[in-house]
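Read through the structure below, which is laid out as structure tokens, and then see the notes.
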Amino acid sequence: MPFIPHTEADVRAMLATIGVTDLDALFAEIPAGLERGGADTLPSPLNEMALRRLMTERAAREGSTLCFVGAGAYAHHIPAAVWEIATRGEFYSAYTPYQAEASQGTLQTLYEYQTMIAALTGMEASNASLYDGASALGEAILMAVRAHPDGARRVLLPTTVHPRYRAVARTLTRAQGIELVELPFTAGGGHIDPQTPHAQATEAVAAVVIQHPNFFGTLEEVDALTDWAHARGALVIAVVNPATLGVLVPPGDWGEKGADIACGDGQPLGIPLAGGGPYFGFLCCKTPLLRQMPGRIVGRTTDREGKEGFVLTLQAREQHIRRARATSNICSNQGLMTIAATIHMALLGPEGLRRVGLACHANLVRLLARLATIPGVRVLFDRPRFHEAVLLLPRPVTEVVTILAREGIAAGYPLATDYPALGEALLVCTTERHGAQEIDHFAAQLHKALGV
Amino acid sequence: MPFIPHTEADVRAMLATIGVTDLDALFAEIPAGLERGGADTLPSPLNEMALRRLMTERAAREGSTLCFVGAGAYAHHIPAAVWEIATRGEFYSAYTPYQAEASQGTLQTLYEYQTMIAALTGMEASNASLYDGASALGEAILMAVRAHPDGARRVLLPTTVHPRYRAVARTLTRAQGIELVELPFTAGGGHIDPQTPHAQATEAVAAVVIQHPNFFGTLEEVDALTDWAHARGALVIAVVNPATLGVLVPPGDWGEKGADIACGDGQPLGIPLAGGGPYFGFLCCKTPLLRQMPGRIVGRTTDREGKEGFVLTLQAREQHIRRARATSNICSNQGLMTIAATIHMALLGPEGLRRVGLACHANLVRLLARLATIPGVRVLFDRPRFHEAVLLLPRPVTEVVTILAREGIAAGYPLATDYPALGEALLVCTTERHGAQEIDHFAAQLHKALGV
Amino acid sequence: MVIFAKSQHDRCNPAQMPDLAACATPTADAIPGHFLRHTPPLLPEVSELEAIRHYTRLSQRNYAIDTHFYPLGSCTMKYNPRGCHAVATLPGFQGLHPLAPAAHGQGTLATLYELQEMLTAITGMAGCSLAPMAGAQGEFAGVAMIRAYHEQRGDRERREILVPSAAHGTNPATAALCGFTVREIPVDADGDVDLAALRQAVGPHTAGLMLTNPSTLGVFERRVQEIAALVHEAGGLLYYDGANLNAIVGRVRPGDMGFDAVHINLHKTFATPHGGGGPGAGPILASERLLPFLPIPLLARGEDGFRLLDAAERPHTIGRLSAFTGNVGILLRAYAYIRLVGGGGVRRIADYATLNANYLQARLRQAGFSVAYPHRRATHEFLITLREEARTLGITALDVAKRLLDYGFYAPTIYFPLLVPECMLIEPTETETREELDRFVAALVAIRQEAEQSPEKVRGAPHTTPVKRLDDTAAARKPDLVWKP
Amino acid sequence: MVIFAKSQHDRCNPAQMPDLAACATPTADAIPGHFLRHTPPLLPEVSELEAIRHYTRLSQRNYAIDTHFYPLGSCTMKYNPRGCHAVATLPGFQGLHPLAPAAHGQGTLATLYELQEMLTAITGMAGCSLAPMAGAQGEFAGVAMIRAYHEQRGDRERREILVPSAAHGTNPATAALCGFTVREIPVDADGDVDLAALRQAVGPHTAGLMLTNPSTLGVFERRVQEIAALVHEAGGLLYYDGANLNAIVGRVRPGDMGFDAVHINLHKTFATPHGGGGPGAGPILASERLLPFLPIPLLARGEDGFRLLDAAERPHTIGRLSAFTGNVGILLRAYAYIRLVGGGGVRRIADYATLNANYLQARLRQAGFSVAYPHRRATHEFLITLREEARTLGITALDVAKRLLDYGFYAPTIYFPLLVPECMLIEPTETETREELDRFVAALVAIRQEAEQSPEKVRGAPHTTPVKRLDDTAAARKPDLVWKP
Ligand SMILES: Cc1ncc(COP(=O)(O)O)c(C=O)c1O
Ligand SMILES: Cc1ncc(COP(=O)(O)O)c(C=O)c1O
């Protein structure tokens, strides 16, 4: 029996010990008529060999050989060492580290993770992960509203924040009577005008969300926005891409006092694209907000002999202790992903991460320069940007994307659904993985697809 | 500097400790004029990302999607667990286990390997591996000649033994004044006629080599051959495919007394084809020959508290102790491959291995039945066989192979170079990995290629 | 030692860094100076070898399924087949961008579609969304659907979710997150929901009931059909917390018990890894009436292949739970697992998990341990209570748990359920051998003997782990959450 | 406990077994009964989980580069980049049959061809064969080529190979295997070959000399050019044992020193893993006059791409060394490594390996340890002798080696070279940090202090390893090589 080690002799002896004659007897408490199975319609078993053949065929059907889509998930180089270590059985097949003394590997790694991600974002504390960037934003909003002294329940959510993050935030906060107010972006810059928030400041605001670089790749005036929010008594929630933070000012340093909460998706830190997940959400904050933090937190302590060790801590915030009054319902998080990200960050170091950022951006500059030569292609927004940009195409975007898909190119993320007003707009992205040749190839294929 | 951790400050401090001013000073003992470099013409460094891109392109060029070549290397299913465990850093990056107390992982695994491979072959002892099956045969011949009481230096080497094994045996034994006498095979059966050896028995024979199943896949009359050899005072060296030994009588049980030495290639036990290596050679023997065994051997012993432990043993046979009088010059062997094979055998167990053998053979039967319907294709040799067979084609084999190669099919191993007398002969092989669909596809493509 | 203490200024790994010379230097599009970071982040500066050595050695400081028996109740720590991992991480799957054109993701989408169908069949429900990224998010989706259902009917008075007192903490936490008031229903002496109390509690304010069956007390809720009828008659809906599905999968379908929403922890019943705390996956299934509210994306089969349905096509959806498609890699592993065990194998999971639990319960009872619900069959897990031992020997469940680590076992769940004092919730799962269970019994017996003869040995445990017993209190009192130089 | 003791009759893993029902049942071609095995082999019958747990836990009982500093002299235990492993095991490479049509292996063949060229450039030789599967097989190839060379010239009196007394055991063993008589040449007090003795030894019976430079004493043979001239003048050829190439790679080329045949241990200088004893790879390089004799296959670039040359095209070859193309996977890793470090990086290997060795030697000398060749520069390794400590404290090099294990270090080489009593051959390699070297010095100093204060602690070492000191003698006296039920 696959994965069940019992021999017939085992089963006989075990039933005898229990004092029953067959397996069915173990289910005698289930009311008659309720037992019906449900697995009968499932296919019969494959062995691993056959499974591998099947799945290899399917994996071979996934056709992207060249990917210029970003929009929240990024194709970065991942050192081979990262997953070689992260998938070691001791990490891969352990549970949440309840028994700390038998889980120091996971715990210390998570403590190091917290340190690294807090350092990257310029914050003072971090939890040990949430599901993804979007749900982390949802939790950040709930946290800010809980923490806000005046009980304000309005949160400003610019439309330059990833549309799907906004959607998830809506799903997660809907039942809490939180009002999410969307701020429009400037037509010219694709960013939030630091003046605009004033117009929204008629009522008490619990928090202002700032994504930077924003969904379009545009850099926001984070200092001015942060100071404005703080002046209004609102907390600032930063949504950031950690792979940019080797180069860009961290949220903790925005404006006079810095953002209060920083969140985002950790995928760019060593997690493969993998069709959308598993990734992980990170959530960092300044110390005063600590007890409002959702999720697991690891702390350093000592053992009975004074030796350094690590434990899950501040558990009084969590569902298994505080139940209905917990800071969140989260239980399982994305542990293994943070372990991989920790190894990734350790291998890159500050200089590696800085170079990744610079290379990503340099490749975008190269790409835009190449595209500038294609008649009819226009780059939208004239603000400083970082490794993503919006193109306006002279032919319907869906057609162009389909044509390029046939060539194995994932051309970008079409903006029509989320931003219909922008017209035939395509969000493109480069990372350090794009070679000059690939950029040229993309430009050439795009040129061809446009038929201009 | 890739893989060199030194900072500039480190270098300065270290040079100061040594008492020199620069790195060149450390090479002052090298005679002037000898220093010339040699690495200048090498390409400049790639980072791992660029290397991966380059090698991924190359790997994608390897075109076999369907492989019917056997001839000494077999495409078996390998459980994913095998290499996940074998490539754990503790196994992968350790050296030969000289410090036993810090190498119990490798040592115990090798001891278990020795037990398993001895059990499979029906022998009493095993070493911890040699380079490959062919070199193992060379070592087996040297060992048999050393062990032979009369000092005979003639060894009977049937032409049904893998031609490349024979070639390697010649290379390795040439300088030892050993005469390798090739025995012809029967035209009808493709095997050694148990009567034939008599003709060769004019002089003292140190050993008779028997490959079973032989290179053509034909089963040899191992009992009769073994008894004949023993009757003549010759040792019997069995060359076997370990993946057949779940089904076939092990060499240790051939004839009255069994073979004296069993060797072969361990590749079918969990080692990927990988373009030809690394594989591993195994070498087993009966106890009286033990001290003539080349290579590392692991033994079980106890520690100072009486606890079970494992060490390299019988080292007095080896080059690092006995130098010019060692049983072989081998030092590094194929350690990691035997670790993988051990895990593989543990996962399959006796029943798994039996089923692998039966499935391989059943697939051959299916293939031959399908091919029987193609006009002009003939199966050579009418003896019982095991998972390989020789086909005679009505069109030049090289042409057929080339045509099928374009379809991604590795059709088989052409026998023209090694056995010109056989005509347009192709050695084909099936393993448990061939599905009915793939067999049918191969037959259809072959039919098409033959244009009949 | 933390990795930061091994850091050396200026040490770096060129093999892992982009070569900036190969990138065009940004000029026109240079980033204005005030956006640039001036102090580098405190990331370690170590060589590749140092990093590998550090994390390899750290990993060795864990117990895990791959190294130890891990009978952690309510967590279903079974073997995670490496074959599932291998196929889920095939390069084609790993390289797929979630927003790539649909033509590029057909292998993944086909697989997810089939998984959706298989889970629907296994649970006896009407439809499935794979979106939730863990059990708790599945719960959230389910309760949000119940809320949406009542809201759509204009039934706005239903502000209460009923939860048995034995429930897992995520149940009340989820209900609260969904804006409901939580009302606890007691369980009776046999571990079943107290029907009288339930009858009193249900009414026009009842939005729904969340139930785990078998419950976290390790027993099957025998009157589940009566409970369902009661709640339904009152206009409420029923939520099934599938964390304990391992006990009945393939034998009983939550849909047949009368549930309207069901989540499944794929990282439990379907053997995907726990990864030291995740990622998991918590697909959510709906009865006919909750179908419209399922979270997006959903998978559909169309003429051009498979595709993801979004809000435009699912107007009543409770919305998105993640930016993309959920924990795809985990979903692929679960799919692979179901294919490996096949239809018959799915049922065998329950059979042998139950066999192992009942065997272990029987053996421990014979050895003199107190089973919390002695008149009940164990399901996939069971509870013992060390109340007597605590009273007579002064040894707590925590002490025994720590001492088990020394014997080479991870400890059962002890912080939960809160109803049973000094409890151990023991879940062996079907992938352990009888010999391993026997060794575990022997260890518990030996520890009890130690507790009688040298209690300080037990109270001082663990002794053989990389650290001795850790000070939780100090950790919480003065949190040290990030390393400082 | 060995895995056989965990075996249970009839336990098996269906997920890893072919489904016989899916195979046509052989009828006509059934195998006659007398060929069939009747008693199943003694392989373990364990579940997949048990196998994984067993071997995962066994692995943890090893020290390795990935877990510990491993200064094993003459073995060049440097970091094995995981990136090299990743590219060498790409599915395209892994699935290639060695006898597949050449059209199917162009990626592999192109890579091997480039490696052949790169090694030729690095060594300054005329040509290269990648066939040998380890250093010792490279030696065999080289000496067999020397033999073939003399034979081809009809020079049949050259029956002697000269080997310095410091040589590695494989050198004399190889010479003997190639049918030569071995004549040892002593080394002088400074570790150089005794030229006077060499002069006496060379003559018309001299087939060649095998030399490792730097020698296994950790010093560079300064008069290598004179030695070469001497041997060549006598009509002999020179063999270079490249096991110590790490010390000079990129700086000095064996070809320029006058060698006719050279092997390289890719698993040393080129960072391929040692795997607990192999596989390695030992490419063999030849000077112009030995070119025709290189072992097959060789790689050639033709019009239709790359291909392997066999005996038909290489009539003077010494022949084949393996059934196929040698340890291809190792060759791919070495290629990847060279590409990662690049031309400049190859030279840096020698620079920093030498820096680390000289630094460690200087620090140990300052700490009062006796360096075996105090007047010499260390190369990539160096020798200390604990003769004094043995005499005054009754502590052997073996004791210190075992005690080092307790301090978290693998031990240096102590069984070799035989010339220096109580020696430790210490090779730190370039991939270790200064901090690690400092820790190693501190450990040796601490152990010497222990030897003075509590010698039984050192003599009883190791104390912290999974087993205590093992009884080698008993193991050899009564060999227990296979487990019996
Ligand atoms: C009964 C029960 N419900 C819900 C959950 C939450 O599941 P998850 O951790 O996947 O969010 C758990 C987890 O342990 C559980 O045991
Ligand atoms: C100097 C020297 N020569 C030759 C060898 C043999 O190399 P291999 O183990 O690869 O056969 C070694 C191995 O340690 C060595 O140190």
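Residue numbers (the numbering used here), protein chains in the order written: chain S, 1 to 452; chain C, 1001 to 1452; chain X, 2001 to 2485; chain U, 3001 to 3485.
Each residue gets a CB set at the ideal place from its N, CA and C atoms; glycine is no exception.
Quick caveat: nothing in here was measured; it's all calculated off a predicted structure.
| query | Got a sec: is the Cβ-Cβ distance from Leu2481/X to anything in chain U below 9 Å? | reply | no
| field | Selected residue, minimal CA-CA separation from Ile2031/X, among Pro213/S, Pro194/S and Ala86/S | value | Pro213/S
| query | Between the stretch 3047 to 3079 of chain U and chain S, which residues of the former have CB atoms less than 8 Å from a CB of the latter, in chain order? | reply | Ser3047, Glu3048, Leu3049, Glu3050, Ile3052 and Thr3056
| request: Would you list, in sequence order, the uninterrupted beta strand (DSSP E) runs of no fewer than 3 residues that lie entirely inside the stretch 3116 to 3158 of chain U? | output: 3127 to 3129
| said: Within 9 Å of any Cβ in chain X, is that where the Cβ of Glu3435/U sits? | reply: yes
| task | Please look up how many angstroms separate the CB atoms of Leu1426/C and Leu1391/C, rounded, as I've assumed it's under 8 Å. | result | 5 Å
| field | Counterpart residues of Arg164/S in DSSP-defined beta bridges | value | Its beta-bridge partners do not exist; DSSP assigns none.
| field | Spatial distance of Ile1141/C from Val1239/C (CA atoms) | value | 11 Å
| task | Return the CA-CA distance between Arg2011/X and Thr1007/C, expressed in angstroms with no decimal places. | result | 6 Å
| Closest by C-alpha distance to Leu3340/U, when choosing among Gly1177/C, Glu1029/C, Leu1051/C and Pro1005/C | Leu1051/C
| field | Run of the alpha helix (DSSP H) containing Cys3084/U, from where it starts to where it stops | value | Arg3082 to Ala3088
| Buried or exposed (CB count within 10 angstroms, at least 16 for buried), Val1222/C | buried
| task | Compare the Cα-Cα distances from Ala2372/X to each of Tyr2359/X, Leu2360/X and Leu2386/X and report the closest residue. | result | Leu2386/X
| field | Spatially closest choice to His242/S from Gly264/S, Gly258/S, Leu235/S and Ala231/S, by CA coordinates | value | Sequence inspection shows Pro at residue 242/S; the His mentioned does not correspond to that position. Of Gly264/S, Gly258/S, Leu235/S and Ala231/S, the residue nearest in Cα terms is Gly264/S.
| said: For Ala80/S, would you say it is in contact with chain C, using Cβ-to-Cβ distances shorter than 9 Å as the test? | reply: yes
| said: Just verifying my parser: in three-state terms, what is the DSSP assignment at Pro3279/U? | reply: coil
| query | In angstroms, rounded to a whole number, what distance separates the CA positions of Asp2066/X and Gly3236/U? | reply | 58 Å
| query | To the nearest angstrom, how far is it from the Cα of Arg3363/U to the Cα of Val1020/C? | reply | 14 Å
| query | By a C-beta neighbour count over all protein chains shown, 10 Å radius and 16 as the cutoff for buried, is Asp2155/X buried or exposed? | reply | exposed
| task | With Phe2440/X as the anchor, note down where its alpha helix (DSSP H) starts and where it stops. | result | Arg2434 to Gln2453
| Straight-line CA distance for Val1161/C to Leu3109/U? | 27 Å
| task | Give every residue of the same chain whose Cβ lies closer than 7 Å to the Cβ of Leu2072/X, excluding the five residues on either side of it in the sequence, and list them in chain order. | result | Tyr2410, Pro2412, Thr2413 and Glu2427
| field | Closer than 8 Å: Gly3135/U CB and nearest ligand 2 heavy atom | value | yes
| Ordered along the chain, which non-local residues of its own chain (more than five positions away) have a Cβ less than 7 Å from that of Ile1085/C? | Ile1343
| field | Partner residues on chain S for Asp3010/U, Cβ-Cβ distance less than 8 Å | value | Thr7, Glu8 and Ala9
| field | Top-ranked residue by Cα proximity to Val2400/X, from Arg2365/X, Glu2381/X and Glu2456/X | value | Glu2456/X
| message | Is there a Cβ of chain S sitting closer than 9 Å to that of Leu1363/C, yes or no? | response | In the sequence as presented, Leu is not what sits at residue 1363/C; that position holds Asn. Not one chain S Cβ lies under 9 Å of Asn1363/C.
| Validate contact between the stretch 2342 to 2356 of chain X and the stretch 2376 to 2383 of chain X using beta carbons, cut 8 Å, 3 pairs | yes
| Ordered along the chain, which non-local residues of its own chain (more than five positions away) have a Cβ less than 7 Å from that of Glu2501/X? | Here chain X has residues from 2001 to 2485 only, and residue 2501/X is not among them.
| message | Check whether chain U comes within 9 Å of Asp1223/C, counting only Cβ atoms and requiring the distance to be less than that. | response | yes
| task | With 9 Å as the threshold, decide whether the Cβ of Val428/S is near any Cβ in chain X. | result | no
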